[in-house]
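Reading through the structure tokens given below for one structure.
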Amino acid sequence: MRWRVAVVGVVSVALGVLSEGVGYGWGDPLLWAPDLVIGLVWAAAGLRLWTSRPRAAALAWGVSATWYLGSLLPIGVFWHRALLIHVLVLLAAPRPNRWARVVVLGGYLASLSPVVWRAEESTMLVAAVLLVLVLGVAPRGRGAGSPLTRTYQTCLVVTLLVLLVSAVVRSVATDPGRGALPTLLAYEAALAVVALVLLATGDAADSDSVVDRVLELNDGPGSSLRDALADVLEDPGLEVGYWRDHDCLYSDLEGRAVVPPPAGHRVALPIDRDGRPVALVVHAASLQGDPRLKAAVAVATRLVTANAELSARVDERRADLAASRLRLVQSADGERAQLAAQLRRGPLARLTALGTMLDAGSEPQPLLAEAFARVQDALEDLGRWERGLHPRELDNGLGPALTSLAGLGSVPVTVSVSPGRFPRELEAAVYYVCAEALSNVAKHAAARHVTVDVALGEDRLCFTVVDDGSGGAVPTGTGLQGARDRLEAFGGTFTVTSVPGAGTTLSGTVPMSPEDGPAPP
Numbered sequence: 307m308r309w310r311v312a313v314v315g316v317v318s319v320a321l322g323v324l325s326e327g328v329g330y331g332w333g334d335p336l337l338w339a340p341d342l343v344i345g346l347v348w349a350a351a352g353l354r355l356w357t358s359r360p361r362a363a364a365l366a367w368g369v370s371a372t373w374y375l376g377s378l379l380p381i382g383v384f385w386h387r388a389l390l391i392h393v394l395v396l397l398a399a400p401r402p403n404r405w406a407r408v409v410v411l412g413g414y415l416a417s418l419s420p421v422v423w424r425a426e427e428s429t430m431l432v433a434a435v436l437l438v439l440v441l442g443v444a445p446r447g448r449g450a451g452s453p454l455t456r457t458y459q460t461c462l463v464v465t466l467l468v469l470l471v472s473a474v475v476r477s478v479a480t481d482p483g484r485g486a487l488p489t490l491l492a493y494e495a496a497l498a499v500v501a502l503v504l505l506a507t508g509d510a511a512d513s514d515s516v517v518d519r520v521l522e523l524n525d526g527p528g529s530s531l532r533d534a535l536a537d538v539l540e541d542p543g544l545e546v547g548y549w550r551d552h553d554c555l556y557s558d559l560e561g562r563a564v565v566p567p568p569a570g571h572r573v574a575l576p577i578d579r580d581g582r583p584v585a586l587v588v589h590a591a592s593l594q595g596d597p598r599l600k601a602a603v604a605v606a607t608r609l610v611t612a613n614a615e616l617s618a619r620v621d622e623r624r625a626d627l628a629a630s631r632l633r634l635v636q637s638a639d640g641e642r643a644q645l646a647a648q649l650r651r652g653p654l655a656r657l658t659a660l661g662t663m664l665d666a667g668s669e670p671q672p673l674l675a676e677a678f679a680r681v682q683d684a685l686e687d688l689g690r691w692e693r694g695l696h697p698r699e700l701d702n703g704l705g706p707a708l709t710s711l712a713g714l715g716s717v718p719v720t721v722s723v724s725p726g727r728f729p730r731e732l733e734a735a736v737y738y739v740c741a742e743a744l745s746n747v748a749k750h751a752a753a754r755h756v757t758v759d760v761a762l763g764e765d766r767l768c769f770t771v772v773d774d775g776s777g778g779a780v781p782t783g784t785g786l787q788g789a790r791d792r793l794e795a796f797g798g799t800f801t802v803t804s805v806p807g808a809g810t811t812l813s814g815t816v817p818m819s820p821e822d823g824p825a826p827p
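Numbering (my numbering), first residue to last: 307 to 827.
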């Protein structure tokens, strides 16, 4: 820090002495003394800002240098105003919005042409427009609620007001030559006051602003805590490591280890929460001397990591809920299959045997004939019940099951299924959805033909059911909503396209992992 003070001080004094000697000479102290002091004070303000605001410090030094250059190069007499407006906007709007950038751009464009600031009318116009923008957007800018930010906003407004008022005074003065020195001194006094404010507050860490900026930047798309802190602290080399309990070390989001650096230009800031290590921030050593800024970084890091942990817990609970929902569907399908198997082994087997015995007699009595007919009816009912619970055709695969299902209805159905076997729960899900679709066609569509197509995509099982019926199906109906729930429980999709008079198309997908198949039939 001492070498920086020495270098900036020597350069500023040398440049100031050169510019005052060339521009004003040493005859009238009222001209050269204030001019020299302004440049030195702004150089000192830059030194003061260096610890917490390196970018603002560079701009403050730029104000000092261009202030002196204006005495050496007449074309550059107003260059300092662009940097002056930029540094004040940067401090007044910690997270600049679009209008803050417009104010900065306006200052630079005006300074590129000396005619703009040299003429009172154009000075009034530019200053008035910038003042309106500042008054309209800066007080509501991000971070505007902190006292330090309001102080910088006041400095910006005062600077633009002085420019505006001095231009007005000179434009209405009967003798512009006589009014030039007083307005110049007033402008220099305003610059001195603003620089003194920066000297008084330049090392104050605006903790609330830092925390707010980090939280908002971290919420941006594709952003991270490291990016947000690097932007706020103006330290592109900043690193953030997160504590990994299983490895007992800090690592970044790419898995690279983050360790405290050796003594030198960078330092490490360990951050804990409730006595437990959370993160390690490796930043420029220039921030080490600002305890309030370090505290703000620690608070922001704790908040962001706590929010990330909470989001992870929410995602975990959501995954648990989805897994639970899937298990319910799988359990229901399993119970239905088990019940169907029990029916086949129990009542169906016994009734089948009874029917065989009753049918064995060559001359059955009327009572036996009636009993035989009733047994046949019971067998048909139980068979339909069994097929509804878990069709036995699914034991041979989805293709035979859908083909058998298609043959039960009165509407011709063309079935096309990719060969092979798929996970039982996926086959059951697709089967029941197609069964619901065919049932709706038979009841409501008045269709002449239906096409069922099941194909294996790159990572999912896809199916469509298309009919040429009357259309107008209601996607939120009980049956179709149940089909949607069944597919979504597996992470699949379900869509219904039904135009009145143009038929209905039901399509869906069920995700599959590579190991899911298809298996050989």
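The beta-carbon is built from N, C-alpha and C at its ideal position, and this holds for glycine as well.
Remember, predicted model here, so these are calculated numbers, not experimental data.
Handout entry: Beta-bridge pairing of Arg-698 - partner residues as DSSP gives them
Key = Taking the first residue of the sequence shown as position 1, residue 698 is located at position 392. For Arg-698, which the question treats as bridged, DSSP gives no partner whatsoever.
Exercise for the section: State the DSSP-derived secondary structure class of Asp-683, mapped to helix, strand or coil. Expected result: Position 377 of the sequence shown, counted from the start, is the residue given in the question as residue 683. In the structure shown, the three-state DSSP call for Asp-683 is helix.
Practice task
Keeping to the same chain, check which residues put their C-beta closer than 6 Å to that of Asp-773; ignore five residues upstream and five downstream.
Solution key: Residue numbering aside, residue 773 sits at position 467 when the sequence shown is read from its first letter. The beta carbon of Asp-773 is closer than 6 Å to those of Val-747, Ala-751, Ala-753, Val-756, Gly-809 and Thr-810 in its chain, skipping five residues each way along the sequence.
Handout entry: Three CB pairs or more closer than 8 Å across the region 465 to 472 and the region 425 to 437
Key = Because the criterion of three Cβ pairs below 8 Å is met, the region 465 to 472 and the region 425 to 437 touch.
Practice task
Compute the Euclidean distance between the alpha carbons of Ala-574 and Val-313, then round it to the nearest angstrom.
Solution key: What you label residue 574 is simply residue 268 of the sequence shown in a count that begins at 1. What you label residue 313 is simply residue 7 of the sequence shown in a count that begins at 1. Note on geometry: alpha-carbon atoms of Ala-574 and Val-313 lie some 28 Å from one another.
Practice task
Can you say whether Lys-749 is buried or exposed, counting buried as having 16 or more other CB atoms within 10 angstroms of its CB?
Solution key: On the sequence shown, residue 749 is found 443 positions in, with the first residue counted as 1. Burial call: exposed.
Problem - Under 8 Å between C-beta atoms of Leu-378 and Trp-385 - result: Position 72 of the sequence shown, counted from the start, is the residue given in the question as residue 378. Position 79 of the sequence shown, counted from the start, is the residue given in the question as residue 385. Result no, Cβ atoms of Leu-378 and Trp-385 do not sit closer than 8 Å.
Practice task
Say whether the region 403 to 416 touches the region 349 to 368, bearing in mind that this needs 3 or more beta-carbon pairs closer than 8 Å, one atom from each stretch.
Solution key: The count of Cβ pairs closer than 8 Å, one atom from the region 403 to 416 and one from the region 349 to 368, stays below three, leaving the stretches out of contact.
Practice task
Could you please give me the residues that DSSP links to Val-756 through a beta bridge?
Solution key: For the purposes of this step, residue 756 is taken as residue 450 along the sequence shown, with counting starting at 1. According to the DSSP secondary-structure assignment, Val-756 is paired through a beta bridge with Val-719 and Asp-773.
Handout entry: Test item: CB-CB of Val-588 and Pro-567 under 8 Å
Key = Here the question's residue 588 lines up with position 282 in the sequence shown. Here the question's residue 567 lines up with position 261 in the sequence shown. Yes, they are a contact pair.
Exercise for the section: Using only alpha-carbon positions, find the residue among Ala-585, Asp-341, Gly-382 and Glu-622 that is nearest to Ala-492. Expected result: As a working mapping, residue 492 is identified with position 186 in the sequence shown. Selected option, being the one with the closest Cα: Asp-341.
Practice task
Compute the distance between the beta-carbons of Val-739 and Arg-792, then report whether it is under 8 Å.
Solution key: Here residue 739 corresponds to residue number 433 of the sequence shown, with the count starting at 1. Here residue 792 corresponds to residue number 486 of the sequence shown, with the count starting at 1. Cβ atoms of Val-739 and Arg-792: closer than 8 Å.
Practice task
Just grab the DSSP bridge partners of Cys-768 for me.
Solution key: Within the sequence shown, residue 768 is the residue found at index 462, counting from 1. Partner(s): Ala-761 and Thr-815.
Exercise for the section: Can you give me the Cβ contacts of Arg-790 inside the same chain, cut-off strictly under 7 Å, excluding the 5 residues immediately before and after it? Expected result: On the sequence shown, residue 790 is found 484 positions in, with the first residue counted as 1. In chain order, Phe-800 place their CB closer than 7 Å to the CB of Arg-790, counting only its own chain and leaving out the 5 sequence neighbours on each side.
Handout entry: Residue range of the unbroken alpha helix (DSSP H) whose run includes Leu-704
Key = As a first step, residue 704 must be located in the sequence shown, where it is residue number 398. First-last of the alpha helix (DSSP H) with Leu-704: 704 to 712.
Practice task
Hey, could you find the ends of the beta strand (DSSP E) Asp-578 is sitting in?
Solution key: Your numbering for residue 578 matches position 272 in the sequence shown. DSSP places Asp-578 in the uninterrupted beta strand (DSSP E) bounded by 572 to 579.
Handout entry: Residues that Gly-547 bridges to, as DSSP identifies them
Key = Position 241 of the sequence shown, counted from the start, is the residue given in the question as residue 547. Bridge partners of Gly-547 according to DSSP: Leu-586.
Practice task
Taking Thr-801 as part of the beta strand (DSSP E), name the residues at either end of that continuous run.
Solution key: Residue numbering aside, residue 801 sits at position 495 when the sequence shown is read from its first letter. Secondary structure note for Thr-801: its beta strand (DSSP E) is the uninterrupted segment 799 to 804.
Practice task
Would you identify the three-state DSSP class for Ala-808, choosing helix, strand or coil?
Solution key: Within the sequence shown, numbered from 1, the residue matching residue 808 stands at position 502. Looking at Ala-808 - three-state DSSP - the assignment turns out to be coil, as it is neither helix nor strand.
Handout entry: Exposure of Val-347, with buried meaning 16 or more beta-carbon neighbours within 10 Å
Key = Taking the first residue of the sequence shown as 1, we reach residue 347 at position 41. Only buried fits Val-347, as 16 or more other CB atoms lie within 10 angstroms of its CB.
Exercise for the section: Just mark Ile-381 as buried or exposed, buried being the case when its beta carbon has 16 or more other beta carbons within 10 Å. Expected result: Stepping through the sequence shown from its first residue, residue 381 is reached at position 75. Exposed, by the Cβ-count rule.
Problem - Boundaries (first-last residue) of the alpha helix (DSSP H) holding Ser-557 - result: In the sequence shown, counting from the first residue as 1, residue 557 sits at position 251. For Ser-557, there is no enclosing alpha helix (DSSP H); the enclosing beta strand (DSSP E) covers residues 555 to 557.
Handout entry: Whether Thr-709 touches Val-721 by CB criterion (8 Å)
Key = Residue numbering aside, residue 709 sits at position 403 when the sequence shown is read from its first letter. Residue numbering aside, residue 721 sits at position 415 when the sequence shown is read from its first letter. Yes, the Cβ-Cβ distance between Thr-709 and Val-721 is below 8 Å.
Handout entry: Endpoints, the alpha helix (DSSP H) within which Arg-354 is located
Key = Residue numbering aside, residue 354 sits at position 48 when the sequence shown is read from its first letter. Per DSSP, Arg-354 is one residue of the alpha helix (DSSP H) stretching across 335 to 355.
Problem - Ser-745, enclosing alpha helix (DSSP H) - first and last residue - result: Locating residue 745 in the sequence shown gives position 439, counting from the first residue. 730 to 746 is the extent of the alpha helix (DSSP H) around Ser-745.
Practice task
For Ala-563, write down the residues that DSSP places opposite it in a beta bridge.
Solution key: By one-based count along the sequence shown, residue 563 stands at place 257. Looking at the DSSP assignment, Ala-563 forms a beta bridge with Ser-557.
Handout entry: For His-552, the three-state DSSP class (helix, strand or coil)
Key = Numbered from 1 along the sequence shown, position 246 holds the residue referred to as residue 552. In the displayed model, His-552 falls within coil according to three-state DSSP, outside both helix and strand.
Handout entry: Best match in Ile-344, Gly-547, Ala-591 and Asp-701 for proximity to Trp-276 [C-alpha to C-alpha]
Key = Coverage of the chain is limited to positions 307 through 827, which leaves residue 276 absent and any answer about it impossible.
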